[in-house]
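Below you'll find the structure, written out as structure tokens, and then a few comments.
There are 2 protein chains.
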Amino acid sequence: MSETTSKSSASSPARARSHRHSAEEARREILDSATRFLQESDFRNLTVGEVMEGTTLSRPAFYQYFTDLHDLIISLLRDVETVMHQIASPWIEGEGKPIAALRESIRGVVETCVQHGHIVRAIVEAAPLDERLEQEWQSFMRRWDDAVEARIVAQQQDGLIPFFNAQRIAKALNSLDVNLVVAAFGRHPHDDPSDVLETMYHVWSGTLYGRPPHALTAKNR
Amino acid sequence: MSETTSKSSASSPARARSHRHSAEEARREILDSATRFLQESDFRNLTVGEVMEGTTLSRPAFYQYFTDLHDLIISLLRDVETVMHQIASPWIEGEGKPIAALRESIRGVVETCVQHGHIVRAIVEAAPLDERLEQEWQSFMRRWDDAVEARIVAQQQDGLIPFFNAQRIAKALNSLDVNLVVAAFGRHPHDDPSDVLETMYHVWSGTLYGRPPHALTAKNR
DNA sequence: AATGTGACTGACACCATGTCAGAAACAACG
DNA sequence: CGTTGTTTCTGACATGGTGTCAGTCACATT
Numbered sequence: 009m010s011e012t013t014s015k016s017s018a019s020s021p022a023r024a025r026s027h028r029h030s031a032e033e034a035r036r037e038i039l040d041s042a043t044r045f046l047q048e049s050d051f052r053n054l055t056v057g058e059v060m061e062g063t064t065l066s067r068p069a070f071y072q073y074f075t076d077l078h079d080l081i082i083s084l085l086r087d088v089e090t091v092m093h094q095i096a097s098p099w100i101e102g103e104g105k106p107i108a109a110l111r112e113s114i115r116g117v118v119e120t121c122v123q124h125g126h127i128v129r130a131i132v133e134a135a136p137l138d139e140r141l142e143q144e145w146q147s148f149m150r151r152w153d154d155a156v157e158a159r160i161v162a163q164q165q166d167g168l169i170p171f172f173n174a175q176r177i178a179k180a181l182n183s184l185d186v187n188l189v190v191a192a193f194g195r196h197p198h199d200d201p202s203d204v205l206e207t208m209y210h211v212w213s214g215t216l217y218g219r220p221p222h223a224l225t226a227k228n229r
Numbered sequence: 009m010s011e012t013t014s015k016s017s018a019s020s021p022a023r024a025r026s027h028r029h030s031a032e033e034a035r036r037e038i039l040d041s042a043t044r045f046l047q048e049s050d051f052r053n054l055t056v057g058e059v060m061e062g063t064t065l066s067r068p069a070f071y072q073y074f075t076d077l078h079d080l081i082i083s084l085l086r087d088v089e090t091v092m093h094q095i096a097s098p099w100i101e102g103e104g105k106p107i108a109a110l111r112e113s114i115r116g117v118v119e120t121c122v123q124h125g126h127i128v129r130a131i132v133e134a135a136p137l138d139e140r141l142e143q144e145w146q147s148f149m150r151r152w153d154d155a156v157e158a159r160i161v162a163q164q165q166d167g168l169i170p171f172f173n174a175q176r177i178a179k180a181l182n183s184l185d186v187n188l189v190v191a192a193f194g195r196h197p198h199d200d201p202s203d204v205l206e207t208m209y210h211v212w213s214g215t216l217y218g219r220p221p222h223a224l225t226a227k228n229r
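Sequence order for the protein chains is A and B.
Residue numbers for the first sequence follow my numbering, so the first one is 9 and each next one is one higher.
Residue numbers for the second sequence follow my numbering, so the first one is 9 and each next one is one higher.
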């Protein structure tokens with residue numbers, strides 16, 4: 009064998025053959041490749057072959073870590089959930105002044121979605137195509153809905169929010185958020201985050217607390 | 009030819025072989041079969057073969073009338089649009105008292121979606137999978153968004169609605185409607201239409217006009 | 001009856017998927 | 001170091017839905 013002629017020992021640029029991963033390493037490598045792909049393209053163009061090309065592994069190796077493309081998306085969904093849940097805590101947990109906390113929570117959601125918007129979009133688009141993923145997505149959203157509903161009910165009992173069917177409104181508002189986020193940050197170029205924040209805040213506060221404060225006295229005939 | 013023996017002339021039950029359609033007849037037959045299928049199942053299970061089984065034609069015949077399953081969905085979208093547009097006219101066109109008209113328009117939308125919810129659901133789920141369908145769907149929604157935006161702007165100038173970015177709010181509210189309708193009437197069993205109506209009305213009126221009228225004085229601490 | 005036109009179909013090539021038997025790397029043990 | 005066991009990995013294959021095409025079939029016109 010030749011020593012230092014054409015290729016250096018282990019740092020060959022793309023052909024890093026002859027090296028095994030631990031199970032976790034490989035998973036991460038695949039997930040990263042998929043994420044990278046989704047930054048540039050859509051779920052509809054995602055294919056097992058494409059994903060594995062961005063990898064040191066071959067196509068069949070994919071099936072040792074995921075049963076499916078949908079299964080891979082479920083993993084991404086899990087990752088997103090852990091990030092998101094604590095972001096929205098201010099209003100959800102009832103910390104500080106309700107309306108200010110609401111704004112703060114929405115701000116957090118918008119901000120993290122600027123980063124993970126592509127993934128959220130992929131999840132939303134892929135969910136209807138697979139039974140299991142669909143269920144995971146529904147569960148994810150239900151946890152969200154329940155949290156919001158609980159907060160609404162609590163503030164209804166404090167007289168801060170008028171009475172109405174908290175469950176349905178919670179569901180409606182959350183689904184609206186998903187739509188806005190996907191539309192705004194699901195693909196390049198992104199919309200202006202502060203515009204999205206304003207829109208969300210307007211609808212949420214208008215629906216829950218009444219007319220948004222800053223518009224109350226403006227031009228109200 | 010036998011006169012009145014076993015089968016009456018043209019109404020043979022299922023095996024209507026040896027009979028050609030006009031172009032329009034065949035199209036309708038295919039569209040009907042697809043619609044029937046979507047009543048019972050999802051877009052993810054829809055396949056060209058399945059559709060054509062509900063038909064007197066063979067699978068390849070499909071491609072004489074549609075380039076694609078997505079193309080077929082586009083036809084269904086067109087059908088839905090013509091039905092829906094005049095339904096929402098009361099508020100859109102500014103007829104009568106704004107808030108009552110809003111309620112009336114929403115009522116109409118909900119009502120027609122009770123019938124065509126399955127199709128709307130199929131459209132929404134299929135749209136991200138095909139470039140052309142995606143564009144058609146976006147155009148459809150944009151026409152809707154523009155109409156709502158125009159109405160908001162008109163009523164802002166009349167002092168009925170406070171000033172805010174009408175375009176973004178219109179888009180948000182419309183996307184919310186789609187979500188609610190698909191969730192409520194996209195598959196069996198359907199939700200209660202009046203619940204859906206209340207939810208939509210609550211969010212719309214809260215966002216546009218301020219706190220919903222009937223909750224204004226109730227239990228507002 | 002002969003011919004032209006458009007509706008229709010059987011058979012095929014294509015492509016992504018998911019599987020499987022076995023190869024290749026690595027570790028443990030002698 | 002061999003040998004053996006274990007885990008990771010891959011080449012090659014079977015499957016199923018898609019879209020195409022050359023050719024057939026029903027019907028109208030003459």
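Cβ atoms here follow ideal geometry from the backbone N, Cα and C, with glycine treated the same way.
How is the alpha helix (DSSP H) around residue i delimited, first residue to last?
i      : result
B:H93  : 77-95
A:R176 : 174-193
A:R44  : 31-48
B:E61  : 56-61
Could you name the residues of the same chain whose beta carbon sits closer than 6 angstroms to that of residue i, not counting the 5 residues immediately before and after it, in chain order?
i      : result
B:V132 : V190
B:V211 : none
A:D50  : none
So what does DSSP say about residue i, is it helix, strand or coil?
i      : result
A:P106 : helix
A:T207 : helix
B:H198 : coil
A:E139 : helix
A:G214 : helix
B:H27  : coil
A:Y73  : coil
A:R219 : coil
A:E119 : helix
A:F51  : helix
B:E133 : helix
A:S66  : coil
B:D166 : coil
B:E112 : helix
A:E157 : helix
A:F171 : coil
A:E101 : coil
Ignore the nearest five residues each way along the sequence and tell me which others in residue i's own chain have a CB closer than 8 angstroms to its CB.
i      : result
B:F171 : Q164
A:D199 : A191, A192, F193
A:E103 : S97, A109
B:W145 : L85, I131, V132, A135
B:L54  : A42, F45, L46, L77, A130
A:D153 : Q175, A178, K179, N182
List the whole-angstrom C-beta distance separating residue i from residue j, where the pair is believed to meet the contact cut-off of C-beta under 8 angstroms.
i      : j      : result
A:L184 : B:L184 : 4 angstroms
A:Q47  : A:H124 : At roughly 11 angstroms, the Cβ-Cβ gap does not stay under 8 angstroms, so A:Q47 and A:H124 are not in contact.
B:L39  : B:S83  : 6 angstroms
B:V156 : B:L188 : Not really, about 15 angstroms apart at Cβ, beyond 8 angstroms.
A:V204 : A:V118 : 5 angstroms
A:E58  : A:F45  : 6 angstroms
B:T215 : A:R176 : Not a contact, Cβ separation roughly 15 angstroms.
B:S30  : B:T63  : So it is not a contact: roughly 15 angstroms between Cβ atoms.
B:R159 : B:W99  : 6 angstroms
A:V88  : A:V128 : 7 angstroms
Hey, is residue i close to the ligand MG, as in C-beta under 8 angstroms from one of its heavy atoms?
i      : result
B:A108 : Absence of the ligand MG is noted for the structure shown, with no ligands found whatsoever.
Sorted by chain position, which residues of the same chain lie with C-beta nearer than 7 angstroms to residue i's C-beta, five sequence neighbours on each side aside?
i      : result
B:I81  : A130, I131, A134, L141
A:R28  : none
B:K105 : none
A:N73  : For the sequence presented, residue 73 of chain A should be read as Tyr rather than Asn. Closer than 7 angstroms at the Cβ level, and outside the excluded window around A:Y73, lie A34, R35, I38.
B:A96  : S113, G116, V117
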